[in-house]
Amino acid sequence: FREVRDDSLVLLWATPLYEGQSQITGYMLQISQSNQLDNWTILTAKPISETHYKVTGLQTGHTYRFRVSAVNNAGVGRASLPSEPVTVQTQPGTKEIKIGVDDDGFIFLGYEAVKMNDEGEFLWSKNFTEPISSQRTKVETTKNRSMLTFTDPSEEDLGLYTVEMSHSPHLSSSYDFTAEDLERLRELSWQVRNPLIALKSAWQVEVSEKGSVRLWLQTESLSSSAELRLVFNDREISSSPRCKINFDTAKGLVEILFDQLSQEDEGSYTCQLRDGRAKNQCTLVFVDQKFREILALADWNRWDIQRKAGPYFQEFLTWSVNEDCELIIQCKVTNTSKDTSFKWFKDGVEIKDFAYDQTSGVCSLTIPQVTKKEAGSYRAVVSDSRGEDVSTLELLDNEYDKLLQLLSEQCALSAGPLRIESTAEGFKIYSSLRYYIGFLKTSWYFKGRKIDQEARAKPGCSMQKVWIEILNPTENDKGEYTLEMLDGKETHKRFYELSTEAFAEALLEHQRLKQLAIAEKNRAKVIKGLPDVVAIMEGKSLCLTCFIDGDPAPEIFWLRNDREILDQTQFTITKESKRTSITVNKVTMEDSGKYSIFVRNHYGSETVDVTLSVYKKGEKPPANAVEMG
């Protein structure tokens, strides 16, 4: 018996002295409780080829006996004598074989005996009977501990390894060395033989407020004899006036410090560390966009320190749109004095109408209504004897489109509810806005269907209103109208339900306005010809002509001082369908006064006045008069 444990044991037996008429092909095992020698149970369903077998599933503290029968071509032979009784129970302090990797990277099997006498030895074997190859393994024993070390482990070394004490064979253990163990321990062996210095942090890049650049990494704490080698673009580097290298072994800290980073510092940085057998290396690829971003930030920070010596922009020029759809361009300055000068420019032309609060340092330019002329380059300059700072804002291209989009959004949000307004041609459904810009795309829908421009429906807009005009309305125009406003990102909607009642009121007002428009179109009117004041020298003749319109043709009357002129000797009056004139023959001082043309028909009338000023030879006519004659 070997490896007697609480629920298992390993049974060993010798081959029979006589094999019979053919070779032995296997063995059958039987088991019985110690007190039931006549009651044997077969342990294995098929013959066992080996001369050892691990019996499992036993009950702790129970005593068992075993016997074995050899098998050949003739059948199963007579069973052996029963074994000595064995009680299944793990002895106190029992140890098992452990597998691992030693400090030199060798894979080993180790076993520690519970007790050891001076003459006792550790007996190692493979599969309980095969001797261990001294060419592939090495056995070392120290006091009560034995180690079986593999010199160059491979698949050839896989299998079941056993160890027992020469003076006490029941003190034994076994271990099945598998392919999984071999793969795992080979990796561990490589790590032991090639230890890595542990990294706490890989390469990091930092830029200080003053514009210096720090490249650093950190490992576990190193000994004072640790070695550092830094390679830049395949060339070893050391501290120089341009870059300083620090190596703190206690902290495991490696630093490269640049007072002023430049284009020639672009490349790869490799840190190679060695501390005894342990080593590691880490590479920073400091090129392209990453390098350019750090270089730009470092340059900016250095410039920022310099500009803050005098007045400077705490907040640079930015733009925003408020709820009133106004464009606000704003900045904030600080570190100013009473001598500080502040100026604004647009496309190189100075702007005067900006607001500047010296207490807060906020300066703003408010543009109530944005048009194309607001696109451009804005520049603010603050300066005094200590220095100058400049802020620019390019309100062009994509940035200007972004402004229009946000402005369109605010304009759309300012749109009031849809209302109806009657006209002489029909009626308008409209929405009032703070103001309308063309970037805001509008569409009209009637009962869910888009209204395209057609003979009876005409969309339109002004600076503060968008509408759809329905000409010659009919009952079919009743229903829901929808205005959609697309600001470039979102769609805003307004709705109006043209009910029967609302339609009737709008139609009635439309008819009234239509009649007024007809009357206005056809009424008698003076369309051109008479100035407000005319002047003429005494003794000359004056002719005044004007044009008239109206349907039916209007009646025409000339008046002097509000009385109709009937005298045909002093005054000559001609009347045509679209024109009339009056001639004052050889004017005298008494002819000065107010003259009027009065026209009328049944749609209405109109009166136009002209003042006649007569002056004597040598005098000057009134300054506000049109000189005639």
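The opening residue of the sequence shown carries number 1 in full-length UniProt numbering; numbering runs sequentially from there. All C-beta atoms, glycine included, are put in the ideal place defined by N, C-alpha and C.
Per DSSP, which one or two residues make a beta bridge with Lys200?
Bridge partners of Lys200: none, in fact.
What residue range does the beta strand (DSSP E) around Lys596 cover?
The amino acid occupying residue 596 in the given sequence is Ser; Lys does not appear at that position. 593 to 601 is the span of the beta strand (DSSP E), which, as asked, contains Ser596.
Taking DSSP's pairing of strands, which residues face Pro459 in a bridge?
Note: Pro459 sits in a beta bridge opposite Ile468.
Cβ of Ala517 within 8 Å of Cβ of Phe427?
No. Outside cutoff.
With DSSP run on the structure shown, which of helix, strand or coil describes Glu121?
Here Glu121 sits in coil by DSSP.
Return the Cβ separation of Asn117 and His167 in integer angstroms, given the expectation that the two are a contact with Cβ distance under 8 Å.
Indeed they touch by this definition, with Cβ atoms about 6 Å apart.
Quick check: the segment 295 to 302 against the segment 242 to 252, are at least 3 beta-carbon pairs closer than 8 Å?
Too few Cβ pairs lie closer than 8 Å, so no.
Going by beta carbon distance, what residues of the same chain come within less than 8 Å of Ile305, once the five residues before and after it are set aside?
Within the same chain, Ile305 has close Cβ partners Glu209, Lys210, Gly211.
Rounded to whole angstroms, what is the Cα-Cα separation between Lys594 and Gly604?
So the two alpha carbons sit approximately 23 Å from each other.
Jot down the residue ranges of each uninterrupted beta strand (DSSP E) in the segment 204 to 233, minimum 3 residues, whole runs only, in chain order.
The segment 204 to 233 contains these whole beta strand (DSSP E) runs: 213 to 219, 227 to 232.
Looking at the unbroken alpha helix (DSSP H) that takes in Lys493, where does it start and where does it end?
No alpha helix (DSSP H) contains Lys493, which is instead part of the beta strand (DSSP E) from 491 to 498.
Go through the segment 113 to 176 residue by residue and report every complete run of the beta strand (DSSP E) that reaches 3 residues or more, in order.
Entirely contained in the segment 113 to 176, the beta strand (DSSP E) runs reaching 3 residues are, in chain order, 122 to 126, 137 to 142, 145 to 150, 159 to 165.
For Ile434, collect the residues of the same chain with a Cβ closer than 8 Å to its Cβ; drop the 5 residues on either side in sequence, then sort them by chain order.
Position check: residue 434 holds Arg in this sequence, whereas Ile was assumed. Here the set comprises Asp324, Cys325, Gln410, Cys411, Ser414, Gln464.
List in chain order: all unbroken alpha helix (DSSP H) runs of 4+ residues lying wholly within the UniProt domain "Ig-like" (538 to 613).
List check, alpha helix (DSSP H) in window: nothing returned.
Among Thr371, Ser221, Val390, Thr423, which has the Cα closest to the Cα of Gly438?
Here the closest residue by C-alpha is Thr371.
Between Ser268, Thr583, Pro554, which lies nearest to Thr607 when the distance is taken from Cα to Cα?
The candidate whose alpha carbon is nearest that of Thr607 is Pro554.
What would DSSP say about His52, mapped onto helix, strand or coil?
DSSP places His52 in strand when its eight states are reduced to three.
With respect to the beta strand (DSSP E) encompassing Val362, which residues constitute its N-terminal and C-terminal limits?
Val362 -> beta strand (DSSP E) spans 362 to 367.
Suppose contacts are defined by Cβ-Cβ distances below 8 Å. Is Phe66 in contact with Leu12 by that definition?
Going by C-beta atoms, Phe66 is not nearer than 8 Å to Leu12.
Taking the beta strand (DSSP E) that Cys411 falls in, what are its first and last residues?
Note, Cys411: premise wrong, no beta strand (DSSP E); alpha helix (DSSP H) at 397 to 414.
If I follow the unbroken alpha helix (DSSP H) through Ala179, where does it start and stop?
Counting along the chain, the alpha helix (DSSP H) containing Ala179 begins and ends at 179 to 193.
Grouping DSSP H, G and I as helix and E and B as strand, with all else coil, what is Glu266?
It is coil, neither helix nor strand.
Alpha helix (DSSP H) containing Ile301: first to last residue?
Checking the displayed sequence, the identity of residue 301 turns out to be Asn instead of Ile. Residues 288 to 307.
Between the segment 191 to 203 and the segment 36 to 55, can you find at least three pairs of beta-carbon atoms closer than 8 Å?
Result no; under three Cβ-Cβ pairs closer than 8 Å.
Note down, in chain order, each residue of its chain lying with its Cβ closer than 7 Å to the Cβ of Lys54, except the 5 sequence neighbours on either side.
Taken in chain order, the residues that qualify are Ser8, Val10.
Check this for me: beta carbons of Ser337 and Asp389, under 8 Å apart or not?
No, Cβ-Cβ distance for Ser337 and Asp389 is not below 8 Å.
Can you check which of these residues, Glu187, Lys441, Pro311, Asp551, is closest to Ser408 by C-alpha distance?
Nearest option by C-alpha distance: Lys441.
Measure from the alpha carbon of Ala504 to the alpha carbon of each residue in Asp477, Phe316, Gly529, Leu483, then state which is nearest.
Here the closest residue by C-alpha is Asp477.
Using a Cβ distance threshold of 8 Å, determine whether the segment 507 to 526 contacts the segment 542 to 550, with at least three qualifying pairs required.
A contact exists between the segment 507 to 526 and the segment 542 to 550.
I need the straight-line Cα distance from Phe258 to Asp397, nearest angstrom please.
Whole-angstrom Cα-Cα distance: 38 Å.
Roughly how many whole angstroms lie between the Cα atoms of Thr580 and Asp532?
Using only the alpha carbons, I get a separation of about 17 Å.
Determine the contact status of Tyr436 and Cys461, defining contact as a CB-CB distance below 8 Å.
Going by C-beta atoms, Tyr436 is nearer than 8 Å to Cys461.
Answer yes or no: the CB of Gln89 versus the heavy atoms of the ligand MN, is any distance below 7 Å?
With respect to the ligand MN, the structure shown offers nothing to examine, as it has no ligands at all.
For residue 630 versus Thr87, is the C-beta distance shorter than 8 Å?
Outside the modelled stretch of the chain, which goes from 1 to 629, sits residue 630, for which no answer is possible.
By the 10 Å Cβ neighbour count, where 16 or more other Cβ atoms means buried, how is Val587 classified, buried or exposed?
Per the 10 Å Cβ criterion, buried.
If the criterion is Cβ atoms closer than 8 Å, does the pair Lys493 and Leu486 meet it?
The answer is no: Cβ separation not under 8 Å.
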